Amino acid sequence: MSAPSVLVDAALEVHGITKSFGGNHVLRNVDMSVSPGSLHFLIGPNGAGKTTLFNVISGFIRADAGTVSLFGSDVTGERARKVARQGLARTFQNLQLFASLTVAENVLMALHGQMKGGLPRAMTGLFVSREENREYERAYEWLDRFGLAKYASSMPSDLSYGDRRLVEIIRAFASQPKVVLLDEPAAGLGLSARANLFDVLKELHAGNMTIVLIEHDMKFGMALADEVTVLDVGTRIAHGTPAQVQKDDAVIAAYLGKRSVADA
Amino acid sequence: MKSPLMTKRRNQHFIWLGAVVVVAVLPLVFGDGYSQTVILTIGLYAIFGIGLQLTMGTGGILNMGHAAFIGIGAYSSAIVTTKGGNPWVGMLVGIVVAGVLAFVVGLPILRLRSLYLAIATLCVALAVTNVLGFWTALTGGQNGVTGIVPFSIGDFSFIDLPSQIYLIWGFLLVAVLIRINLRYSVVGREFEAIKDSDLATSSLGINHGARRLQIFVIGSVIGAVGGSLYATYLSAITPDLFGFPFLIQIFVLVALGGMVSLWGAPIGAIAVVCLHEFVIPVISGGNAGPVEIVIFGVILVIVMIFAPNGLTDQVVSTTRRLVKIARRRRNHDEPSSVTPASKKVAA
Amino acid sequence: MDLAFFIQLFVTGVTTGAIYAAVAMGFVLVFRVTGILNFAQGELLMVGGMLIISFREAGWPLYAAIPVTIALVFLLGCAIYALALGPAIKRGTNISLLLITLGISQVLQGLAQIGWGSAPRYTGDFSPTAHPISVLSVSITTQSIWILGGVLVALGATYLVLERTGIGRALRASSIDPMMARLSGINVRMVSLIAFGAAGALAAVGGLLLAPVIGMTYATGSLIGVKGIAAAVIGGFGSIPGAIIGGIALGLLESLASLISTGLTTGISLLAVVIVLLILPNGILGGRRVKAAVGV
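Protein chains in written order, with the numbering used here: chain B, 4 to 267; chain C, 15 to 361; chain D, -17 to 278.
Written as structure tokens, this is what we have:
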């Protein structure tokens, strides 16, 4: 279908990923190519292997075969934190905020990669480190941009579920990654929180960030997406633009018989 | 804008300076020997507690070996000084031995998961007490070591109680300062974060294995420093001092003082030492040993049921929640006066 | 050194190992069902030993003393769960739950010291004979036959309960996947309670069989508890057969080590644990946890 242009390298290139858990094939020879600056929508029915693919890409699970590369550099089989250092950020299906840190500190954690802060430096000193103030201000600005500044000094448990989701997403973006993986960011959100999230993602995407999104809400994802990859039972059954995919017969067959994807 | 974190850190430093003043006058206010002994013991236990708080509270490591690391510090001082060495050298040896042991032991065990970690540190504890008890040539076996030389600077020797109080509480204050600095720093935040979510720290590129190893080493070294001070204060030590009942005392200390509160260790130390000195002798009626074991056991159980993160932490978080509820209620009563202000803050 | 000597060592090792196996099974049972490492397991053994000594001192016959001891320690195990761990488990962390079991072990030790004193307490063999029985120039005391037989009976009973009864099926289901067990309608609280009780009963069997062999003190439990943990770790801390094999292996290992020095036995179990932990750093439980953590 849509062959990637020769001139533009893929931001994220997944090739031939295969993974099985105890004889149970979760991913079979999956390819996915994400163009730089695009929002790539990864869909598939339950059990299609979407989250497993995220876990493979981000280094939490090692694939049995296949390669993953970020902007041309091979990260196959690297550990999660190494992959993160290469510029990949992600959120989790079940929220992973730091419960004992304030909201601002949670975001600040994403800026740590750019801070010095060795151990001797951390333990000594009576007075304020200028770096710490500067970076805190950046974390605060991130929160402010999405209307969460008033919660900067609150604990995550004091926030509504939707706001907590937002904080996790902001944290992922604040580390200035090259690629962000979002695993069902809208799950469990009410209508208004969902609309708010939609605007946030739209704004972040407009900033030319490369995003891969897993989401069950088809309208939500399709409205944002530039490219779509469809998985079913561990194999890629279609890929292309939203319009192409929604007309694809294999996709329609996989989704609830004959109903069109847009209605699903 | 000054970040609230830095404000907090600075405020903690002011509290710390206040504590320095309090410590300076303590021996002057309490002149009698008994009170001074109690104060000194509180200082020692607080140092032990800070080490355990770091590994267990901040690092989330189930550390059953803390008493053993204290023992290493104590025996290093004892052995070095009785062989004619300088007490400061003794402390340094203790720091190095404890640090290296924590590092070596920590390398494999920090890959282990939760409960295996407890078992592994328990093994370390038993191994250390075995060595202390049976390597008679070096440690004096069950008889221990006597004639440990106190610390001195130049001609001044820390022999009398007030000067020992200053010495021990001085070390304690330094340990508390390190703890405050750690909490409000890049490294310290990562320490807190790895305890909350391994997944999220990994996804942010943070090496939580290395961080846990660092914290295990720091906590153990602080324990060893405490042990070194303990040995020079007692001037005679035996392996029994660093056994299980002692470990339980420190666990109770942390349970009462809280796993993470910055000032929790001194608070817990006051509670444990006062229980030991004043309460238990009264209720036990002569059979102090087992009664104390039972009481400490009961305290540990009850506190951990109702406040899994320790009593002080529970009090702090409950108070915070109550304040928030009260504030929210007040906001409901007079919404007009609050909303514009909060808008201004957000803008 | 002849063959008989080694058979003698083997018999001694297996006898000691049987006791360790009983304790280790208790650890594994509780751990598999509740995820708790119960540090008070050794103290339950001690209480079992102390009770049988007291009952025999009071003149009770064995056929009364043994079942009553087992029943009482079973109830004690249940009480530990009902009063302390059950209320704590929902909000508890790994650390807090472990500290609770540590606290309980201290309470039991302290109470035992207050109630039964500090001096070692003794009781006679269950079937006293003038001389140990001699088979092929290997002498076996009647008490070690009691121990082997008793532990075998306990194992058999545990096996029957686990395989043949409803509560046993619930226990097994909960130990494989507590979440699924809960979803399929198993009362996990009840199952946990039974697991603690059963672990207590197993420890009691170990304690009452051991009582005639050693002088029981309030501190006996903590030492044997550590050995039980070691045995469980050697067996992988996952399976009940593993615990039994681990217990016997540890017993044999110690009996071999006693050739070199009697002071070495504790060191040997520590070493065994360290080696196992190094070779299988995640053990059997590791695999399960990693999977759960990634949220697949």
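Note that CB positions come from ideal geometry on N, CA and C, so glycine has one too. Computed from a predicted model, the values in this text were never measured in an experiment.
DSSP-derived helix/strand/coil call for residue 121(D): Residue 121(D) falls in the strand class under three-state DSSP.
Hey, would you say residue 168(B) sits closer than 9 Å to residue 189(B), going by beta carbons? Going by C-beta atoms, residue 168(B) is nearer than 9 Å to residue 189(B).
Contact set for residue 172(C): own chain, Cβ-Cβ below 7 Å, skip 5 residues either direction: Only residues of its own chain outside the window of five on either side were considered, and among them 164, 165, 166, 178, 181 have a CB closer than 7 Å to the CB of residue 172(C), listed in chain order.
Within the continuous alpha helix (DSSP H) that includes residue 210(C), where are the two ends? Where residue 210(C) is concerned, the enclosing alpha helix (DSSP H) stretches over 200 to 210.
Length of the line joining the Cα atoms of residue 30(C) and residue 314(C): One Cα belongs to residue 30(C), the other to residue 314(C), and the distance between them is close to 29 Å.
In the stretch 89 to 110 of chain D, which residues sit with their C-beta less than 7 Å from some C-beta in chain C, listed in chain order? Against chain C - using a Cβ distance shorter than 7 Å - the residues of the stretch 89 to 110 of chain D are 89, 91, 92, 93, 95, 96.
Quick one, which of 47(B), 170(B), 229(B), 163(B) has its alpha-carbon nearest residue 219(B)'s? Relative to the Cα of residue 219(B), the nearest Cα in the group 47(B), 170(B), 229(B), 163(B) belongs to 47(B).
Among residues of its own chain, excluding the 5 on either side of residue 281(C), which ones have a beta-carbon nearer than 8 Å to its beta-carbon? Result list for residue 281(C): 270, 271, 272, 275, 326, in chain order.
If the cut-off is 9 Å on Cβ atoms, which residues from the stretch 247 to 267 of chain C count as contacting chain D, listed in chain order? Within the stretch 247 to 267 of chain C, those residues whose Cβ lies closer than 9 Å to any Cβ of chain D are, in chain order, 258, 259, 261, 262, 265, 266.
Output yes if chain D places a C-beta closer than 9 Å to the C-beta of residue 352(C); else output no. Residue placement at residue 352(C) is poorly supported in this model, since its pLDDT is 39, which falls under 50; the coordinates are not used for a value here.
Would you check if there are 3 or more beta carbon pairs closer than 8 Å linking the stretch 203 to 221 of chain C to the stretch 90 to 98 of chain B? Yes, since at least three Cβ pairs between the stretch 203 to 221 of chain C and the stretch 90 to 98 of chain B fall closer than 8 Å, the two stretches touch.
Quickly, what does DSSP pair residue 243(B) with across the bridge? List them, please. DSSP lists 231(B) as partners of residue 243(B).
Say whether chain D places a C-beta atom closer than 9 Å to the C-beta of residue 205(C). Not one chain D Cβ lies under 9 Å of residue 205(C).
Taking Cβ-Cβ distances below 8 Å as the criterion, which residues of the stretch 43 to 68 of chain D are in contact with chain C? Under the 8 Å Cβ criterion, the stretch 43 to 68 of chain D contributes 66.
Classification of residue 174(C) by the beta-carbon crowding that lies within 10 angstroms, buried from 16 upward: When all chains shown are included, residue 174(C) counts as exposed.
Residues of the stretch 141 to 153 of chain C with a CB closer than 7 Å to any CB of chain D: list them in chain order, please. So the list reads 141, 144, 148, given in the order they occur along the chain.
For my contact list, residue 159(B) and residue 106(B) are in at a C-beta cut-off of 8 Å; report their separation, rounded to the angstrom. Taking the Cβ atoms as the reference, residue 159(B) lies roughly 6 Å from residue 106(B), within the contact range of under 8 Å.
Limits of the unbroken beta strand (DSSP E) element including residue 22(B): Bounds of the beta strand (DSSP E) holding residue 22(B) are 15 to 24.
Between 104(D), 114(D), 12(D), which has its C-alpha nearest residue 39(D)'s C-alpha? Closest option to residue 39(D), Cα to Cα, is 104(D).
Could you pull the start and end residues of the beta strand (DSSP E) that residue 65(B) belongs to? In the DSSP assignment, residue 65(B) falls outside any beta strand (DSSP E) and carries neither an H nor an E.
Around the Cβ of residue 149(C), are there at least 16 other Cβ atoms within 10 angstroms (buried) or fewer (exposed)? The residue is exposed, with fewer than 16 neighbouring Cβ atoms inside 10 Å.
CB-CB under 6 Å to residue 217(B), same chain, minus the five flanking residues each way: which ones, in chain order? 45, 53, 186, 187, listed in sequence order.
Unbroken alpha helix (DSSP H) run spanning residue 24(C), endpoints: Where residue 24(C) is concerned, the enclosing alpha helix (DSSP H) stretches over 18 to 43.
Whole-angstrom Cβ separation of residue 229(B) and residue 42(B), contact assumed at under 8 Å? Here residue 229(B) really is in contact with residue 42(B); their C-beta atoms are around 5 Å apart, less than 8 Å.
To the nearest whole angstrom, what separates the beta carbons of residue 56(B) and residue 182(B), a pair I think is in contact under 8 Å? Cβ atoms of residue 56(B) and residue 182(B) stay farther apart than 8 Å, at about 13 Å.
Which first and last residues belong to the beta strand (DSSP E) in which residue 186(B) is found? 182 to 186 is the span of the beta strand (DSSP E), which, as asked, contains residue 186(B).
Please report how far the alpha carbon of residue 76(C) lies from the alpha carbon of residue 77(D), in whole angstroms. Rounded to the nearest angstrom, the gap between the Cα atoms of residue 76(C) and residue 77(D) is 6 Å.
Have a look at residue 202(D) and residue 29(D) and give me their C-alpha separation to the nearest angstrom. Taken atom to atom, the span from the alpha-carbon of residue 202(D) to that of residue 29(D) is near 10 Å.
Proximity below 9 Å, CB of residue 150(D) to CB of residue 59(D): Result no, Cβ atoms of residue 150(D) and residue 59(D) do not sit closer than 9 Å.
Residue 23(B) classed as buried or exposed, judged by whether at least 16 other C-beta atoms fall within 10 angstroms: Exposure of residue 23(B) is indicated by the presence of fewer than 16 other C-beta atoms within 10 angstroms of its C-beta.
Please list the residues of the stretch 152 to 178 of chain D that have a C-beta atom closer than 8 Å to any C-beta atom in chain C, keeping them in chain order. Listed in sequence order: no entries.
Which of the three DSSP states is assigned to residue 267(D) in this structure? Residue confidence is low: residue 267(D) scores 39 on pLDDT, short of 50, so the model does not pin down where it sits. No coordinate-derived value is stated.
In or out: residue 193(C) buried (at least 16 other Cβ within 10 Å) or exposed? With 16 or more other Cβ atoms within 10 Å, it is buried.
So is residue 237(D) in contact with chain F if we call contact Cβ pairs under 9 Å? In the structure shown, chain F cannot be found, because the protein chains are B, C and D.
What does a CB cutoff of less than 7 Å around residue 63(D) pick up in its chain, not counting 5 residues either side in sequence? Excluding positions up to five away in sequence, the list reads 174, 175, 178.
Among 48(D), 219(D), 16(D), which one has its Cα closest to the Cα of residue 164(D)? The option with the nearest alpha carbon to residue 164(D) is 16(D).
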